[in-house]
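Engineer: Pasting in a structure now, in structure tokens, and then I'll have a few things to ask.
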Amino acid sequence: MGCDVVLSGPPDEAVAELFEKRDARFSRFRAGSELSSVNAKPAGVAFLSEEFASMLALALGAARATGGVVTPTVGEALIAAGYDRDFNELVERDAPASAAVVPSLDALSLRGRMLVRSVPVQLDLNGVVKGKTVDDALALLGDGWVSAGGDLATTVPVTVGLPGGDAITLRSGGLATSSTARRAWWRGGELQHHLIDPATGRPVETRWQDVTAVAGSCAAADVAAKAALLMDARGPAWLEQRGLPGRFVDHDGDVHVNASWYRSQRGDLLAA
Amino acid sequence: MEAPSRIALANRRLRIARIAVGMTATVAFVVFGAAARAAHHGTSHASAAATSATSTADTSQSSFDFGDGSFTAPIGNSPSIQSGGS
């Protein structure tokens, strides 16, 4: 998945195998992946594996929970922005990036393992695959914590460094940070990144460089962080309305937190 | 026993062809109807109660639970993990 996986204990073969299998199934860049096969015929009916259908259902649930902001239908927009190969193989190109229409969720109907697309849709499931795999890896371990690229799930207290230098101790659930500064590349002299605004079909222009969210699982935290970053000024309140702690770093490096984050951090101090 | 006439043989072939066409049309109608039903959210709800198999439920409408995590100010030494950058 293009990121380091770290566990609380010694290396675990089952966890390594899980990450490898998920990457093999859900990578946009592996010719033999199920996602590549589904995207090769982007419209009409496709019959999916049980695991693919389950992951897509999770992605569609996340999309509806975020008002369509974190959507799996951004594949074409990512390609238009230049993210058309494995991130490590991206090189600066002179051709400018373009926008692509991000299909509405109504273009997709998933019934069991049957997916029907009423218009061509290039799927990208990155919004949920990494987080869900972290959660599933933790379930395999039973106890401890699992981190992939700094997004994690835990059942034990673990101290986590945050963008800009702070730290917290996560006691349970998941934490994830979304950033416009990572997975960014140049195209036609303009910096692009992987977080697509469905309204424009381009990488989002937002005041936030990094958004960190805490939720019940790594997948949920990742979706929450992405949504809050994509929502720009509305992000902190959107998280707050759902009782989700959020921490925001703007492009000047200033740190902002919502009330839930503040309460969680202060709670321990007040109890002492 | 007298062999069937050419007209009788032709009639039999015609009957078989009609049955085959009828069966093909029926199967095509059922498949088309199922695909159309799956593609249109608005019409699928009316018969949802009659659909007992969970495998045909519309999972496009799955809910998503954010749940609750718990954290405090940092306890202990330097961080075990650095977050920042998915």
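Chains A and B are the protein sequences, given in the same order. Reminder that position 5 of the first sequence reads as 5 in my numbering, one-by-one numbering, no gaps. Add 1000 to a position in the second sequence, counting from 1, and you land on the number used in my numbering. Here a beta-carbon is modelled for each residue, glycine too, at the ideal position from N, C-alpha and C.
Starting from the beta carbon of Ser1005/B, find every residue of chain A whose beta carbon is closer than 9 Å, and list them in chain order.
Structural biologist: Residue 1005/B sits at position 5 when you count from the first residue of the second sequence. Ordered by position in chain A, no residue passes the 9 Å Cβ test against Ser1005/B, which lies about 48 Å from the chain.
Engineer: By Cβ distance, which residues of its chain are closer than 7 Å to Val129/A, with the 5 residues on each side in sequence left out?
Structural biologist: Here residue 129/A refers to the residue found at position 129 of the first sequence. Arg22, Phe26, Met55, listed in sequence order.
Engineer: Excluding five sequence neighbours on each side, which residues of the same chain lie with their C-beta closer than 8 Å to the C-beta of Leu115/A?
Structural biologist: Sequence index remark: in the first sequence, residue 115/A carries index 115 (1-based). So the qualifying residues of the chain are Val38, Val45, Ala46, Phe47, Leu48, Ala53, Leu56, Leu108, Ser109.
Engineer: Examine chain A for any beta-carbon lying closer than 8 Å to the beta-carbon of Gly1069/B, and answer yes or no.
Structural biologist: Stepping through the second sequence from its first residue, residue 1069/B is reached at position 69. Gly1069/B counts as touching chain A.
Engineer: Within a Cβ cutoff of 7 Å, which residues of the same chain sit near Glu51/A, ignoring the five residues on either side of it in sequence?
Structural biologist: The residue labelled residue 51/A in the question sits at position 51 within the first sequence. Within the same chain, Glu51/A has close Cβ partners Arg25.
Engineer: Strictly under 8 Å for the Cβ-Cβ distance: is Gln241/A near chain B by that measure?
Structural biologist: Here residue 241/A refers to the residue found at position 241 of the first sequence. Output row for Gln241/A: interface = no.
Engineer: Please identify the residue among Val91/A, Val249/A, Glu17/A whose C-alpha is closest to the C-alpha of Leu140/A.
Structural biologist: As a first step, residue 140/A must be located in the first sequence, where it is residue number 140. Taking only the C-alpha atoms, the option nearest Leu140/A is Glu17/A.
Engineer: Would you call His194/A buried or exposed, if buried means 16 or more other Cβ atoms sit within 10 Å of its Cβ?
Structural biologist: Sequence index remark: in the first sequence, residue 194/A carries index 194 (1-based). Flag for His194/A reads buried.
Engineer: Give the single residue among Val70/A, Glu76/A, Pro10/A whose Cα lies nearest to the Cα of Arg28/A.
Structural biologist: Indexing the first sequence from 1 puts residue 28/A at position 28. Ranking Val70/A, Glu76/A, Pro10/A by Cα distance to Arg28/A puts Glu76/A first.
Engineer: In angstroms, rounded to a whole number, what distance separates the CA positions of Asp143/A and Gly1084/B?
Structural biologist: The residue you call residue 143/A lines up with position 143 of the first sequence. The residue you call residue 1084/B lines up with position 84 of the second sequence. If I take the Cα positions, the gap works out to 23 Å.
Engineer: Apart from the five residues on each side of it in sequence, which residues of its chain come closer than 7 Å, Cβ to Cβ, to Gln209/A?
Structural biologist: As a working mapping, residue 209/A is identified with position 209 in the first sequence. Closer than 7 Å at the Cβ level, and outside the excluded window around Gln209/A, lie Ser179, Thr180, Ala181, Val249, Asp250, His251.
Engineer: For Gln265/A, go through chain B and note every residue whose CB falls closer than 8 Å to its CB, in chain order.
Structural biologist: As a position in the first sequence, residue 265/A is number 265, starting the count at 1. What Gln265/A touches in chain B: Phe1071, Thr1072, Ala1073.
Engineer: With DSSP as the reference, label Arg202/A as helix, strand or coil.
Structural biologist: Position 202 of the first sequence holds residue 202/A. Strand.
Engineer: Does the beta-carbon of Ser1005/B have 16 or more other beta-carbons within 10 angstroms, so that it is buried, or is it exposed?
Structural biologist: What you label residue 1005/B is simply residue 5 of the second sequence in a count that begins at 1. So Ser1005/B counts as exposed.
Engineer: Residues of chain B with CB closer than 7 Å to the CB of Val158/A, please, in chain order.
Structural biologist: Within the first sequence, the letter at position 158 stands for residue 158/A. Under the 7 Å cutoff, chain B gives Ser1080, Ile1081.
Engineer: Less than 8 Å between the C-beta atoms of Pro198/A and Val102/A, yes or no?
Structural biologist: Along the first sequence, read from residue 1 onward, the residue named residue 198/A stands at position 198. Along the first sequence, read from residue 1 onward, the residue named residue 102/A stands at position 102. For Pro198/A and Val102/A, yes; Cβs fall inside 8 Å.
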